[in-house]
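Position one of the sequence shown corresponds to residue -8 (the numbering used here), numbered consecutively onward. Ideal placement from N, C-alpha and C gives every residue a C-beta, glycine not left out. One structure is given here, and the rest of the page talks about it.
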Amino acid sequence: MKNKIILLIIGVLLTSGAVYGYTNFTKDQAANTEYRTVKAERGSLSSHVTANGTVNPVINVLVGSQVSGMIQKLYADYNTPVKQGQLIAQIDPANFQAQVSQALAKVQNAKASILTSEAGIASARSNVEAAKANVSKAKVSVDDTRRSLDRSLELFRRNLISASEKDTSQTAYDSALAQLEAAQAQQKASESQLESSRAGVIAAQATLKQAEAELELAQVNLDHTRITAPVNGVVVSRNVDVGQTVAASLQAPTLFNIAQDLTEMQVEANISEADIGKVAKGQDTSFTVDAYPQAIFRGKVTEIRNSPITVSNVVTYVVVIRVKNPELKLRPGMTANVSILIAQRDNALKIPNAALRFRPEFIKKEAVDQKKSSAAGYKVWVPGQQKIPVPVEITAGISDGTYTEIISGNLKDGQEIIVEVVGNNSKNGGNSSRSSLPSLPGPR
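Here's what the structure looks like:
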């Protein structure tokens, strides 16, 4: 048992000695290593989000046809300036003119039917008045013959007249009653005819309205054979030729593409979901196009669309950037390499990103600690006694990809910072400046 304890103590002593010796060796090695240093400095620093996009007109109008037919003539071509209402194409109007003529004939027939029906009303009204007069006359005749019959019956009862004279009075009365009934029947028939004539007028008026609606539709279709520019602008593309037939049965075919104003354009940039949270309306942007690689165009973010675009499981959002185009250099469809300014610092304390990537080889644990640091917390290394690197805790801010802002930490303007190893007199000296940089934080 005692032997085991003695062996354990000896092992601990040997291990401690080895560690101590290795540490002294590595520190001696670090003292013999040459480092390249730079100074922390103050200056302007900006952070950007980059993306690709497409240049488009601000207002782009697709001109279509609402009727089917053959293109008879074209009055506009590529790059033609047009005014609102200007004729730019003509569809063969022959069929539509025939439809207008047919509808016009129906309208005229309907109007004639109304006139005929109105004349029938006048005639029926006259017949009704005549029938009423006949009824009144028949009533008077009935009253007269009734009185005559009553007198004849009284005289016959007194044996003052003969039976034949009494029968004559009775016959006259019966005839007057029959004439009254006939006159009343004729009055009813005339009144029915009058109502029928009035209904005929209403039907003729409805037919006229329908014919007028058909005429209006035919006229609208005829007008649609004239394709006019809906806005002031420039024809960007033409999709038809003379003699070509367009079919508007399912949807309006596109004949022209008109850009309203090419002196002001917009770039629709696809921003990744990782960066979209950094983008806001009003941010300044700059971009280049392949046609003018030396020219830098500037604009502002005017819209951030909420609808996502997913391609191959990559989600992006469209950000619209408005830009002036007075020289008309920018053309629809150009690819833009966009840089959006998301943060800017003036007089910021900054260091090269290489300083964040550097860590000494002789301290392995520091590498682990560096990887476990927070999103904005880092260690940089400064020359200490005997040139041995000494860590300094810092908090990083925005980065432009080359320099990073220092928000807080024991680092001063002008202080030397180690960025890489440039030489080592020791055989085992190492340079770990190529180790990967932890993800830099976004703007604060």
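Alpha-carbon to alpha-carbon, residue j and residue i
i      : j      : result
Ser188 : His215 : 40 Å
Asn125 : Val192 : 27 Å
Arg116 : Thr236 : 58 Å
Thr326 : Gly375 : 51 Å
Thr162 : Lys130 : 16 Å
Asn51  : Pro343 : 46 Å
Leu253 : Ser303 : 33 Å
Lys272 : Lys403 : 35 Å
Leu78  : Leu65  : 9 Å
Thr307 : Gln81  : 42 Å
Thr395 : Val412 : 20 Å
Leu246 : Val310 : 29 Å
Ile385 : Ala334 : 20 Å
Gly224 : Asn70  : 9 Å
Glu407 : Pro284 : 38 Å
Ala250 : Ala243 : 19 Å
Asn230 : Asn86  : 23 Å
Ala122 : Gln178 : 5 Å
Lys378 : Ser399 : 24 Å
Val29  : Ser35  : 17 Å
Val226 : Ala238 : 22 Å
Leu213 : Thr219 : 13 Å
Ala436 : Tyr164 : Examination of residue 436 is not possible in this model, given that the chain is present from -8 through 435 alone.
Met256 : Val49  : 5 Å
Ser390 : Ser37  : 7 Å
Ala180 : Asp134 : 24 Å
Val258 : Pro351 : 46 Å
Pro72  : Ser228 : 12 Å
Tyr13  : Val381 : In this predicted model, Tyr13 has a pLDDT of only 42, less than 50, meaning its place in the structure is not dependable enough to derive any value.
Leu332 : Ala286 : 18 Å
Where residue i sits in the DSSP three-state scheme
i      : result
Arg189 : helix
Gly324 : coil
Leu332 : strand
Gln274 : coil
Asn344 : helix
Ser369 : Note that residue 369 is Tyr in the sequence shown, not Ser. Strand, per DSSP.
Gln257 : strand
Ser240 : coil
Ala339 : strand
Val69  : The sequence shown places Tyr at residue 69, rather than the Val named in the question. Note: Tyr69 maps to coil in three-state DSSP.
Ser263 : strand
Gly414 : strand
Glu203 : helix
Glu318 : coil
Start-to-end residues for the alpha helix (DSSP H) that takes in residue i
i      : result
Phe349 : Careful: Phe349 lies outside any alpha helix (DSSP H) and carries neither H nor E.
Asn86  : 85 to 148
Span of the beta strand (DSSP E) around residue i
i      : result
Ser35  : 32 to 48
Leu65  : 60 to 65
Leu78  : 78 to 82
Ile300 : 283 to 302
Glu396 : 394 to 400
Val227 : 224 to 229
Ile218 : 217 to 219
Asn51  : 51 to 55
Leu246 : 245 to 250
Ala387 : 380 to 390
Val233 : It is not in any beta strand (DSSP E) - Val233 carries neither H nor E in the DSSP assignment.
Ile312 : 305 to 315
Closer than 9 Å to chain C by CB, residue i
i      : result
Ile105 : Here chain C cannot be found, since the structure has a single protein chain.
Check: residue i C-beta below 8 Å from any heavy atom of the ligand FAD
i      : result
Gly405 : Only the bare structure without any ligand can be found here, which leaves the ligand FAD out of the picture.
Determine, using beta-carbon pairs with one atom in the region 203 to 212 and one in the region 77 to 96, whether at least three such pairs fall under 8 Å. Segments in contact, yes.
At a cut of 8 Å, does the region 98 to 107 reach the region 262 to 270 through at least three beta carbon pairs? Touching, no.
Does the count of Cβ pairs from the region 128 to 148 and the region 157 to 174 closer than 8 Å reach three? Taking 8 Å as the limit for Cβ pairs, the verdict is that the region 157 to 174 does touch the region 128 to 148.
Quick check: the region 288 to 303 against the region 337 to 352, are there 3 or more CB pairs under 8 Å? Fewer than three pairs of CB atoms, one per stretch, sit closer than 8 Å, so the region 288 to 303 makes no contact with the region 337 to 352.
Would you call the region 38 to 49 in contact with the region 312 to 330, where contact means no fewer than 3 C-beta pairs closer than 8 Å? Verdict: yes, contact present.
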